[in-house]
Amino acid sequence: MALITLRRNFCHISDFWIPGAVAALKIHPANHVQKIVKDRLHVWFCSLHPGLFRVRFHHSYCKNFHSQNGNDFHPVAEPWFSQAQEWNQPDGSLSRKDEETLCKRLNSFTSPDEVLSFLSTQDTLPVTLASAALHRICEVGERDYEQRLPQGVLETSIFRALCLQCGRDPSRLTDAAMVTALQSLVTLPVDPQSSLMLTLMAECRSRLQRGLLETRLLCILGESLVRLQGAGCETLELVLCQLQSKNLETFAPEDIVAIYRILQACPEKVDKHQTFLNTINNFSLSIVSFLSPKSISHVLTALVALDQTHAVPLVIKLGKHMVRYIPRFTSEELGKVLEAFVYFGYSDRFFTEALERHIAALCLSLDPDVTSAVMAYCSRKRIRSEPILDAVAEAFVCQSEKFSPSQISELIEPFGKLNYLPPNAPALFRKLENVLLAHFRCFPPRMLLRLLHSCSLIGCHPVNFMSKIFSPFFLQRLQGEESRVDRVSQAQLTQLFMTSVLECAFYKGPKLLPQYQVKSFLTPCCSLETPVDLHLYKSVVMGLIDLLGSRLYFASKVLTPYCYTIDVEIKLDEDGFVLPFTVDEDVHKRVALCIDGPQRFCSDSKYLLGKEAIKQRHLCLLGYQVVQVPYHELELLTSRHELVEYLQSKLFPSNSPVHW
């Protein structure tokens with residue numbers, strides 16, 4: 010009775026716990042029990058120090074646990090081992106109803122300490138509950154402690170006894186308990202070669218070979234194997250083969266997501282299992298409405314990693330489904346979704362509108378990574394979303410210190426590409442200038458050049474930095490170890506130099522050396538100009554021939570001395586007569602006809618892209634009469650006669666007769 014009273018008094022002290030003490034009463038003689046208690050109390054009282062009220066028990070079975078603080082886990086006397094063995098003796102086994110009640114209690118706990126404290130009050134713990142408790146500790150611990158349990162939890166005697174309970178005799182575990190125990194231990198700093206892990210792995214492999222595991226457990230086991238042994242694990246191949254033999258109709262949505270994660274971890278197996286993956290992609294269309302935001306993020310991330318470009322129908326359906334749930338996505342999940350949409354080239358008006366509402370609501374609380382992903386999405390899809398751009402500009406002005414150099418570049422460049430000046434443009438570019446002045450050397454040369462070039466596209470000229478980027482020192486850094494500066498950087502430098510001459514007459518600093526200048530901005534890739542739309546070009550050419558009477562009176566795709574390529578050039582003399590394009594004398598005015606197709610505009614808008622806006626701006630400053638022929642006006646014309654009249658009104662707006 011004295012022992013029972015002692016146990017009851019101390020069971021609420023989390024740092025003092027005697028495993029199996031009550032069980033010892035049942036199976037050992039009284040004198041033996043007294044000896045055990047006497048020995049244990051002696052150990053406990055002798056270990057007390059001022060400010061320290063703790064006793065720890067270790068077992069040699071746990072000696073392969075890694076210790077971050079460098080202290081090894083030493084085995085202790087055999088009596089503790091025998092006592093721990095009695096934690097779930099058959100005499101004290103629980104009924105099924107009691108086990109279900111305890112499982113519910115376990116799932117209600119929100120921290121590892123709560124679970125451990127609860128376990129310290131239990132005299133009986135079946136292996137199934139031990140497995141569930143271990144899983145719950147890992148689940149809430151990883152969430153609270155950033156994917157790693159704290160050392161204090163790993164060192165508790167209860168936690169170690171729990172691991173021992175799960176691995177002592179795996180054959181007694183149910184399939185679910187065995188796989189859950191392995192899943193939990195994989196997340197811990199446990200040596201994969203420890204006897205505990207080897208025993209569990211052997212039992213898993215044995216049951217797997219006998220084909221005893223159901224789909225859900227196969228998925229859990231597959232993910233555990235990936236984390237434990239990597240993509241080259243032979244057992245993982247067996248898991249994938251068994252999954253392929255199952256009926257997909259029986260798979261739960263979380264099973265499908267788990268399969269995507271498994272295959273994502275071993276992309277080298279994709280070719281071998283592509284047929285299975287195609288089946289999964291097609292089947293996933295039917296379960297999209299059941300996927301959580303986290304699952305959607307995982308599926309899209311896997312589709313990108315596995316380069317499933319033919320799975321666009323699934324991407325589209327996921328995009329349409331998530332429109333209503335964007336606020337439920339975490340910053341990380343939303344960032345992954347946007348990266349996937351950029352990769353697959355997906356955009357949707359309803360998704361964009363929902364994203365606008367979400368970003369505008371967050372505004373000053375925007376996460377830098379999400380901001381970068383949102384701006385990349387808008388930039389790649391040419392989405393000139395004013396609510397998003399305004400919110401991002403405001404976030405940068407108020408919290409610029411949160412953004413890294415690469416994030417600043419990703420944030421600012423779309424403003425230039427999309428030809429948009431936010432309402433707080435003066436504050437935005439003043440803040441940007443201050444950041445660049447303070448951290449100029451933190452920006453890699455190419456990134457800095459792209460950033461400054463994008464500012465010039467919208468007329469915010471980086472005059473205070475032109476002398477630096479035209480200097481031989483910066484150009485040498487830009488060149489790096491290559492034999493010459495890359496073609497795109499040369500084009501950007503040339504356009505910045507032209508900007509300094511045409512739009513910044515007060516700039517008196519160094520000029521760009523001729524060897525770094527290009528002759529044309531129109532190049533096959535990464536061009537600073539958009540090639541003319543061939544279909545629109547042919548239509549306009551036919552209309553010009555009807556209007557002017559001959560192909561002789563205009564030239565096509567003319568490269569000017571100023572690096573720009575003009576779609577159509579028409580020369581006029583002093584009296585307004587049209588001259589043959591071969592004549593270079595008596596030219597009073599040059600007309601630059603810009604045939605602007607959809608690719609020269611922001612998506613679903615009438616705003617030119619930044620690179621087209623600066624081109625037309627520079628041509629005007631160079632003396633050309635710029636005449637814009639946008640595609641959305643040409644689409645309204647229904648006949649060739651209407652086209653001729655339209656071109657005449659554009660080229661000769663005073664309604665004066667045409668002379669040639």
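Position 429 of the sequence shown, counted from 1, bears residue number 438 in our numbering, the numbering being contiguous throughout. Idealized CB from N, CA, C, for every residue including glycine.
Item	Value
Given V149 as reference, the closest of T137, L125, G606 and L300 once Cα atoms are compared	L125
Contiguous beta strand (DSSP E) assignments of at least 3 residues, all confined to the stretch 321 to 381	none
Unbroken stretches of the beta strand (DSSP E), 3 residues or longer, contained in the stretch 538 to 576	564 to 568
Which of helix, strand or coil DSSP assigns to A514	coil
Beta-ladder partner(s) of D605, from DSSP	P639
Between the CA atoms of S498 and R486 - distance to the nearest angstrom	12 Å
Assumed close pair A190, L182 - CB separation to whole angstroms, cut-off 8 Å	7 Å
Segment contact, 8 Å Cβ cut-off, at least three pairs: the stretch 355 to 369 with the stretch 387 to 406	yes
Alpha helix (DSSP H) runs contained entirely in the stretch 435 to 480, provided each spans 4 or more residues	454 to 466 and 472 to 478
DSSP state of L588 mapped onto helix, strand, coil	strand
Helix, strand or coil at E578 [DSSP, three-state]	strand
Cβ neighbours of P179 in the same chain (closer than 7 Å, five flanking residues each side left out)	M187, T208, L209 and E212
Distance between A185 and L222 (C-alpha atoms, nearest Å)	9 Å
Local conformation of F610 per DSSP, three classes	strand
C-beta atoms of S548 and L652 nearer than 8 Å	yes
Of the residues Y655, R105, S193 and L588, the one placed nearest A142, counting alpha carbons only	S193
Exposure of R649, with buried meaning 16 or more beta-carbon neighbours within 10 Å	exposed
Any non-hydrogen atom of the ligand GDP within 7 Å of L347 CB	The model depicted lacks the ligand GDP and carries no ligand whatsoever.
Strand pairing of E634, partner residues [DSSP]	Checking the sequence shown, residue 634 turns out to be Gln, not Glu. The partner list for Q634 (beta bridge, DSSP) reads V600.
Cβ neighbours of F506 in the same chain (closer than 6 Å, five flanking residues each side left out)	L521
Proximity below 8 Å, CB of A240 to CB of A274	yes
Separation of C250 from I268, as counted between CA atoms	12 Å
CA nearest to the CA of F479, picked from F515, S509 and P519	P519
Alpha-carbon to alpha-carbon, L556 and Q657	7 Å
Three-way DSSP call (helix, strand, coil) for L134 in this model	coil
With 16 other Cβ atoms within 10 Å as the buried cut-off, status of L227	buried
Check whether V567 and I575 have beta carbons under 8 Å apart	yes
Euclidean distance between Cα positions of T539 and P523	25 Å
With 16 other Cβ atoms within 10 Å as the buried cut-off, status of K7	No answer is possible for residue 7: it lies beyond the span of the chain, which begins at 10 and ends at 669.
Nonlocal neighbours in the same chain, by C-beta distance under 6 Å from L343, ignoring five residues either side	V379
Residue range of the alpha helix (DSSP H) that includes N290	Q283 to S293
Rounded C-alpha distance that separates C407 from C464	20 Å
Collapsed DSSP secondary structure at L272 in the structure displayed	helix
V401, DSSP secondary structure in three states	helix
Sequence-distant residues of its chain with Cβ nearer than 7 Å to Y516 (five each side left out)	V472, M475 and S509
Identity of the residue in Y573, L205 and G231 nearest L217 by Cα	G231
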